[in-house]
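Undergrad:
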Amino acid sequence: MKTLRSSFSCIAVLSLLLSAVASAQSPWSVRLRATYLETVDKSPAFSALGINFPQNAVSVSDKWIPEIDIDYQFNETLSAELVLTLPQSHTVDLAGAGRLGSFKHLPPTLLMQYAPAIEGPFRPYFGLGVNFTLIFDDNLSVAGVPLNLESWSAGLAAQAGFDYRINDRWHFNVDVKRADIHSDVSAGANKLTAAILDPWLYAVGLRYDF
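Quick note on numbering: my numbering labels position 184 of the sequence shown as 463, and the sequence is numbered without any gaps.
1. Kindly provide the ranges of any beta strand (DSSP E) runs that are 3 or more residues long and lie completely inside the segment 445 to 471, ordered along the chain.
2. Where Leu379 and Val464 are concerned, what is the direct C-alpha to C-alpha distance, given to the nearest angstrom?
3. What does the alpha-carbon distance come out to for the pair Ala433 and Asn446?
4. Can you tell me whether Ile349 sits near the ligand NAP, meaning its C-beta is under 8 Å from at least one heavy atom of the ligand?
5. Who pairs with Ile347 in a beta bridge, going by DSSP?
6. What whole-angstrom Cβ distance do Ala374 and Ala336 have, given they're in contact under 8 Å?
7. When the Cα of Ser326 is compared with those of Ala482, Lys470 and Asp477, which residue comes out closest?
8. Can you check whether the CB of Met391 is closer than 9 Å to the CB of Ser338?
9. Terminal residues of the continuous beta strand (DSSP E) containing Gln392?
10. Do Asp454 and Leu480 come within 9 Å of each other at the CB atom, strictly closer than that value?
11. Quick one: what does DSSP say Phe489 is sitting in, helix, strand or coil?
12. Figure out for me which residue from Ile397, Pro387, Ala458 and Ser381 has the closest Cα to the Cα of Leu428.
13. Measure the CB-CB distance between Phe441 and Ser430 and report whether it falls below 9 Å.
14. Which one or two residues does DSSP pair with Ala482 in a beta bridge?
15. Since Ser308 and Arg486 are thought to touch, with beta carbons under 8 Å apart, how far apart are those beta carbons, to the nearest angstrom?
16. I need the boundaries of the beta strand (DSSP E) containing Phe353, first residue and last residue.
17. Identify every residue that forms a DSSP beta bridge with Ala437.
18. Going by DSSP in three states, Ala474 sits in which element: helix, strand or coil?
19. Applying the 10 Å Cβ sphere with the 16-neighbour rule, what's the burial state of Pro400?
20. How would you label Asn452, buried or exposed, when you count the other beta carbons within 10 angstroms and need 16 or more for buried?
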């Protein structure tokens, strides 16, 4: 009888432990967002083909992109977020010369986030970090002269947003980011100008807590 009671006691304790583990809050979460990337389209004035091009003559296309973010919560107020997407293709235009071509980029960004510890379903947050953008498959030319972009860009990134809790796992999310992305534009060994993208990223989506 004692053995039977001990067995039931062990099973009960084990069940409580498993229940506690199962209900424990994981530090991991993901955010799935639809993001609109809007470049600032700044560039220094330059001369080429006997033409003096003014400031901000280079423009890069804006577009919607998918975004997935992996978050790790260090404590109640501090977390880290890795921002990821698929390689994106953009077209490039030059005022007075038309379409130059296109390029692809992949811009992973790592941010440290601070979220004030406040009660209720609404939780704002602020982030600061670094962006590292790979630039590749550039297919650009003007008047038959091939143009080249740098293969990478690194700079600061900042964000602000909020999560609104729907239930224990799901949250509605709104987010705005700004990233420092730029590349020199060259013809052979000669630098012509710089394409300063510095995009704003306006996003809406969902967060899931594991």
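Each residue gets a CB set at the ideal place from its N, CA and C atoms; glycine is no exception.
TA: Quick answer:
1. Listed in chain order, they are 449 to 458 and 461 to 466.
2. The count along the sequence shown starts at 1 and reaches residue 379 at position 100. The count along the sequence shown starts at 1 and reaches residue 464 at position 185. Leu379 and Val464 have their C-alpha atoms some 11 Å from each other.
3. Here residue 433 refers to the residue found at position 154 of the sequence shown. Here residue 446 refers to the residue found at position 167 of the sequence shown. In a straight line, the C-alpha of Ala433 is about 38 Å away from that of Asn446.
4. Annotation note on the ligand NAP: not contained in the displayed structure, which lists no ligands.
5. Counting from one through the sequence shown, the residue named residue 347 turns up at place 68. Note: Ile347 sits in a beta bridge opposite Leu311 and Leu363.
6. Within the sequence shown, numbered from 1, the residue matching residue 374 stands at position 95. Within the sequence shown, numbered from 1, the residue matching residue 336 stands at position 57. 4 Å between Cβ atoms; contact.
7. By 1-based counting over the sequence shown, the position of residue 326 is 47. It is Lys470.
8. Sequence index remark: in the sequence shown, residue 338 carries index 59 (1-based). Sequence index remark: in the sequence shown, residue 391 carries index 112 (1-based). Not in contact: Ser338 and Met391 (Cβ atoms no closer than 9 Å).
9. Translated into the one-based positions of the sequence shown, residue 392 becomes position 113. Element bounds for Gln392: Thr388 to Tyr393.
10. Within the sequence shown, the letter at position 201 stands for residue 480. Within the sequence shown, the letter at position 175 stands for residue 454. Going by C-beta atoms, Leu480 is nearer than 9 Å to Asp454.
11. Stepping through the sequence shown from its first residue, residue 489 is reached at position 210. Note: Phe489 maps to coil in three-state DSSP.
12. As a working mapping, residue 428 is identified with position 149 in the sequence shown. For Leu428, the nearest C-alpha among the options comes from Ser381.
13. Translated into positions along the sequence shown, residue 441 becomes position 162. Translated into positions along the sequence shown, residue 430 becomes position 151. Result no, Cβ atoms of Phe441 and Ser430 do not sit closer than 9 Å.
14. Looking up residue 482 in the sequence shown gives position 203. DSSP output for Ala482 lists Thr314 and Asp454 as bridge partner(s).
15. Along the sequence shown, one-based indexing puts residue 308 at 29. Along the sequence shown, one-based indexing puts residue 486 at 207. Beta-carbon to beta-carbon, Ser308 and Arg486 are separated by about 6 Å, close enough to satisfy the 8 Å threshold.
16. Mapped onto the sequence shown, residue 353 falls at position 74. Taken as a continuous stretch (DSSP letters only), Phe353 belongs to no beta strand (DSSP E), as it is neither H nor E.
17. Numbered from 1 along the sequence shown, position 158 holds the residue referred to as residue 437. Answer is Leu407 and Arg457, bridged to Ala437.
18. Residue 474 sits at position 195 when you count from the first residue of the sequence shown. The answer is strand: DSSP assigns Ala474 an E or B state.
19. Taking the sequence shown and counting its residues from 1, one reaches residue 400 at position 121. Pro400 comes out exposed.
20. By 1-based counting over the sequence shown, the position of residue 452 is 173. Asn452 is buried by the Cβ-count criterion.
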